[in-house]
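Residue numbering for the sequence shown follows the numbering used here, beginning at 4 and increasing consecutively.
Presented below is the structure to which this report refers.
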Amino acid sequence: MFEIEKPKIQCVETSEDGTYGKFVVEPLERGYGITLGNALRRMLLSSLPGVAPTSVKIDGVL
């Protein structure tokens, strides 16, 4: 049976005024980043007017 390791989410940096946050989610199985990114995008568009991710950096991806 294939076993998927549960990703861990860490908040590694926030701004004093609460307008910036840096989060690390790891480890992710192949293809899981697309699922996670789409869920985040849909939640931000529908629930939080005026909020949008401005950048995403994924180590090891071109």
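Positions of the beta carbon are idealized from the N, C-alpha and C atoms, including for glycine.
Query                                                                                                                                           : Result
Residue ranges of each beta strand (DSSP E) run of no fewer than 3 residues wholly in the stretch 5 to 35, ordered along the chain?             : 11 to 17 and 24 to 29
Give the straight-line distance between the Cα atoms of Gly53 and Leu47, rounded to the nearest whole angstrom.                                 : 9 Å
When the distance is taken between beta carbons, is Leu39 closer than 8 Å to Pro56?                                                             : no
Excluding five sequence neighbours on each side, which residues of the same chain lie with their C-beta closer than 8 Å to the C-beta of Ser18? : Gly24
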